Each structure stands twice: as structure tokens, then as C-alpha cells.
Amino acid sequence: MKATETINADLPIGTISRHIYGHFAEHLGRCIYEGIWVGEDSAIPNTQGIRNDVLEALKKLDIPVLRWPGGCFADEYHWKDGVGPRESRKRMVNTHWGGVVENNHFGTHEFLALCELLGCEPYICGNLGSGTVQEMQEWVEYMTFDGESPMANWRKENGRDKPWRLKYFGVGNENWGCGGSMRPEYYADEYRRYQTYVRNYGGNRIYKIACGSNTADYHWTETLMKQAGSHMDGLSLHYYTVPGNWENKGAATEFNEAEWFATMRKSLYMDELITRHAAIMDRYDPEKRVGMIVDEWGTWYRVEEGTNPGFLYQQNTLRDALVAGLHFHIFHRHCDRVHMANIAQTVNVLQAMVLTEGAKMLLTPTYHVFEMFKVHQDAEALAVHTDADSYRNGNEAIPQVSVSASRRDGKTHISLCNVHPGEAAQVSLRLRGLSAAPKVSARILTSGEMNAHNTFERPDALAPQAFDGFANVSQEGLAVQLPPMSVAVLELS
Ligand code: AHR
Numbered sequence: 002m003k004a005t006e007t008i009n010a011d012l013p014i015g016t017i018s019r020h021i022y023g024h025f026a027e028h029l030g031r032c033i034y035e036g037i038w039v040g041e042d043s044a045i046p047n048t049q050g051i052r053n054d055v056l057e058a059l060k061k062l063d064i065p066v067l068r069w070p071g072g073c074f075a076d077e078y079h080w081k082d083g084v085g086p087r088e089s090r091k092r093m094v095n096t097h098w099g100g101v102v103e104n105n106h107f108g109t110h111e112f113l114a115l116c117e118l119l120g121c122e123p124y125i126c127g128n129l130g131s132g133t134v135q136e137m138q139e140w141v142e143y144m145t146f147d148g149e150s151p152m153a154n155w156r157k158e159n160g161r162d163k164p165w166r167l168k169y170f171g172v173g174n175e176n177w178g179c180g181g182s183m184r185p186e187y188y189a190d191e192y193r194r195y196q197t198y199v200r201n202y203g204g205n206r207i208y209k210i211a212c213g214s215n216t217a218d219y220h221w222t223e224t225l226m227k228q229a230g231s232h233m234d235g236l237s238l239h240y241y242t243v244p245g246n247w248e249n250k251g252a253a254t255e256f257n258e259a260e261w262f263a264t265m266r267k268s269l270y271m272d273e274l275i276t277r278h279a280a281i282m283d284r285y286d287p288e289k290r291v292g293m294i295v296d297e298w299g300t301w302y303r304v305e306e307g308t309n310p311g312f313l314y315q316q317n318t319l320r321d322a323l324v325a326g327l328h329f330h331i332f333h334r335h336c337d338r339v340h341m342a343n344i345a346q347t348v349n350v351l352q353a354m355v356l357t358e359g360a361k362m363l364l365t366p367t368y369h370v371f372e373m374f375k376v377h378q379d380a381e382a383l384a385v386h387t388d389a390d391s392y393r394n395g396n397e398a399i400p401q402v403s404v405s406a407s408r409r410d411g412k413t414h415i416s417l418c419n420v421h422p423g424e425a426a427q428v429s430l431r432l433r434g435l436s437a438a439p440k441v442s443a444r445i446l447t448s449g450e451m452n453a454h455n456t457f458e459r460p461d462a463l464a465p466q467a468f469d470g471f472a473n474v475s476q477e478g479l480a481v482q483l484p485p486m487s488v489a490v491l492e493l494s
């Protein structure tokens, strides 16, 4: 199979917001508890209750932003239950996710400490579905008010003198579903009311995010933009890649080529979704002031055998690595509108970066793509012209190769995905706009097995390797021999 990719190093199309590489951690299954929070008295080495192994692994991803506490959990979370002395915090039932007891030991202070340790922006999702306007107003006051006020005083009593800086705040989550089963017309009015009280205290400036559409609900986007567009900074979008359907999603590690193909095809659907939602946003906001916030995306499979169905614990294979690569390329292409994206979810839930079992931890193939692609964060996306053959399965076809390029600090990075499980791709990379022949280095994530993955017994079975499958490097270009099922990143300096 052959592909010609023209990289226009002199034609930047916009800046790739680093927030596209964002994360999402919900009180769901073992994401927060066990996966991130073990508590200060745990035998697992920790910093302020946060496990060190996970912290160190996540730090290497340069996580720009972390969304919390949900998800569906957000619209039944009452933040006041999660501050103050831990032993006296209220215990509640996490009705959405497994009906387990939530002891509220991980609350506002713990989350914001985690963000400080990771060096990332917090993105807090408020409770519009079952919470009050007052509760939402007071949460923002508690976190950001610097001075004398009931909430700021309470924060100080709870051990934090200075306010935190909080930029991203979501006004509800999936309010068309678990967040209140609302119609867009109703939610738009509710959004307008709640956001009024999400105040900017002192120098803190909140970027307000309204709940957006479920997948292809274009009417939701239209209504929100029309009725509330001028009151928001961002509008979310949720889309999950499910190889089968919601009743029969398919397994994370046991799948055939048809399921592999369906997963790739459904990942690419994100491009159509963004294009069509963005076209509606353009009508009401031609200056592109309102960011599209894809704050939930990723694969969703059947849970692993023997695990709580409400915990959404799934393994993660080379297939997920390609899904991640394809999504990033789509987000890069739409960097004029997509301001943030948050993979669901960071640890032990859905398309996770990290899986844990007791004191053990492993990095997933998806983790490795986030790590390899971090060079694109805040870089200038370059125009790429593609002329590639298709990967066919039955009557369906998708492009076999996906390429994206960006430039930062004098270096050009080109990421490539070959989604075909059986065919290598001869990629001719034509470079326009370089002043000299570049020095090239590269890494690749690949395997001979579609379902290659890491286990607690073999945590490094799949990891990036140095890659030398390129030749004929000149100022005009180079030739890359991209193995089947691979994600590669080339650095040109
Ligand atoms: O990420 C899991 C769940 O998926 C989230 O809680 C919800 O917002 C979405 O339906």
C-alpha cells in the first residue's frame, strides 16, 4: 500500500491547544479510590494520600487539565460533604456507579492538591442536575475568594489559606441524560440561571462550559448556541467509540478483524461530528470565541470478566493506541474550534492510561500514545495533504494511513498511524517549506498481534521502541515504511 503525504511546514493552520491532551477522573469504580487515592495511612507509597507510582507515571504525560468529579457522578455530588475532617465526612451511595459507599475522603482539597502535584489546570464540573444554584455559587466562592466571606473563612478553617486558581468550570454534565433528562430548551434556561452565579472573584477568571450534545444531537447544539451562546466560553461534546452497540459492545482484548475495523471506522466518525457541530457553532459564533470541549471520548467495551459491571474496568490494547492516535489527528485538524478534549478516563476506567491491582501498576498502550504525542501540545499544526489508499473490509473502506504534523521550538513532529492489521504502508512524506535537510529520529508503538497489551505479569510487553524505518532523507522529504498496526512519531530538527 502506498501513501503520499505533503507536509506544508510553511503553512500553519492554528495552534494545537495543549488542553486537547486533557484527562478525566470520575468517582467511578477504581479510578479515584485505589487508582489515585489510597489515603495517607496506606502501605502503598503516597504523597498526601495520592499513590506515588501513578503520580510519577502521569507526570510524564505533561497532563494539561484534569476534569473531576464526573461524569454522571457530578450531578449528584454535593461538594460540602467532601471538605473538613475526613473522619466526619458524610458517606453516600454512588448510585450511578455500582451502588458502592462513597466516603467522600477525596474531595475538593484532595483534588486540587492532585492538580498541583501534576502541575495541571483543574476542570471542575458542577452539579446542576440535583444541586442548587446556591451550592454551585458557594463552591466557586470557597475555592477562589480571597478575603473575608463565609466560604473563604470555611476554606481557611479547613487548612487552605490562599484561594486556588480555577479556570475551567462545567455547569452540569450530560443534562440530556444522567444529569436531569432535560430538553435543550429547558437546560439552556437552567444554564443561563446557574452560570450567572458562577462568579469571578478577585483576579480569577472562570471559563464557563455548558453541557453539549450527546454524539449527533445537532438540535441540542443549535438550541444551546442560540439561547445561551453569549453566556458560555465552551460547549461540550461527548462521543464514545463502541465497536458493537450499547447492548453488545464487544470485548477489550478478544476481538476479530471485523471488530478492529469497526473500531477504527467509528473512531473516525469523530471528524464528522466535530465538523457538523462546528458548522452550527460557526453560525452563531463566527469568531470562534466559544471553544468546543470534547470532555468525554474514548473506547467503551464490555467490562472484564468477574469485575463489577458498574466499575467500567477494561483492558487496553494496541487497538486503543490507534484509536487515541486517530482522535488526536482529528482534534489537531479542528484546532480552530476544539479547545479541549478529555479522555475517559485516567485510571482503571474505560480507555485508561494506567491500570492498578493492589500495589501493582501498568501503563497501557494508550498511555504510550499520550506520551509520544505530547510534543504536539501547544505546537503550530501544519497543513497536511493526504493521498492514500484505503483499508477495505467487506463493503466498507477507511483511509489506511493518518498523518498529522506540527512545529514547535524549531522542530517538526510528524505522527503517523497505519490502521491496517496486515499491510505495511510505504509512505512518501513530501516536505515543503524546510530550509535544509532535517535530522530525523523516531519512535514507534507496534506489535504483530492486534490485541497486544500489557498485563501485571508482563507490564512492558508493549512499549514504544526506537524506529529506523525511514530512508532517503532530504530537504524535499523522506520515505517511511510503516508496519501494520502502528503509531509512529518522527522528530525533524
Ligand atoms: O465516563 C463514563 C460516563 O459516561 C460518564 O459518567 C458520563 O458522563 C458518560 O455517560
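Counting with the numbering used here, you get residues 2 to 494 for the letters of the sequence shown.
Even for Gly, the Cβ is constructed at its ideal location relative to N, Cα and C.
Bear in mind the structure is a predicted one, so any value in this text is a computation, not a measurement.
Unbroken beta strand (DSSP E) stretches of 3 residues or longer found wholly inside the stretch 288 to 338: 292 to 300, given in chain order.
Taking 9 angstroms as the cut-off, the Cβ atoms of Y241 and T318 do not count as close. With a threshold of 16 other beta carbon atoms within 10 Å, F112 meets it and is buried. P13 sits in a strand when the DSSP states are folded into three classes.
If you draw a 10 Å sphere on the C-beta of K209, you find 16 or more other C-beta atoms in it, and that means buried. Secondary structure at D63: coil, using DSSP grouped into helix, strand and coil.
Considering only E492, R266, T48 and G100, the residue with the shortest C-alpha distance to N396 is R266.
Comparing alpha carbon positions, the residue from Q346, G30, M362 and A406 closest to I14 is A406. The DSSP-derived three-state label of P123 is strand.
R431: member of the beta strand (DSSP E) spanning A426 to R433, first to last residue. Annotation: the continuous beta strand (DSSP E) that includes S391 extends over S391 to N394. Counting along the chain, the unbroken alpha helix (DSSP H) around M265 starts and ends at E258 to Y285. When DSSP assignments are scanned along the stretch 188 to 234, the uninterrupted stretches of alpha helix (DSSP H) that are 4 or more residues long and fall wholly within it turn out to be 219 to 229.
By the neighbour-count criterion, in which a residue is buried when 16 or more other Cβ atoms sit within 10 angstroms of its Cβ, Q466 is exposed. Across the set G100, E88, G130 and N53, the C-alpha of G130 shows the shortest separation from the C-alpha of Y78. In the three-state reduction of the DSSP assignment, I33 falls in the coil class.
Annotation for A489: the continuous beta strand (DSSP E) segment containing it runs S487 to L493. A325 is not a Cβ neighbour of V295, given a cutoff of 9 angstroms. Note on geometry: alpha-carbon atoms of I45 and G311 lie some 25 angstroms from one another. G83 carries a helical assignment under DSSP once its states are collapsed to helix, strand and coil. With contacts defined by Cβ atoms closer than 9 angstroms, E381 and R409 form a contacting pair.
The C-beta separation of C179 from D76 comes to about 6 angstroms, placing the pair in contact by the 8 angstroms criterion. In terms of Cα proximity to N349, the closest of S391, E35, T197 and E223 is E35. For H239, the CB falls within less than 8 angstroms of some heavy atom of the ligand AHR.
In the structure shown, the three-state DSSP call for Y78 is coil. If you look at Y143, you'll find it in the alpha helix (DSSP H) that goes V134 to T145.
Burial check for R68: the Cβ neighbour count within 10 Å reaches 16 or more, so the residue is buried. Looking at the DSSP output, A472 bridges to A480.
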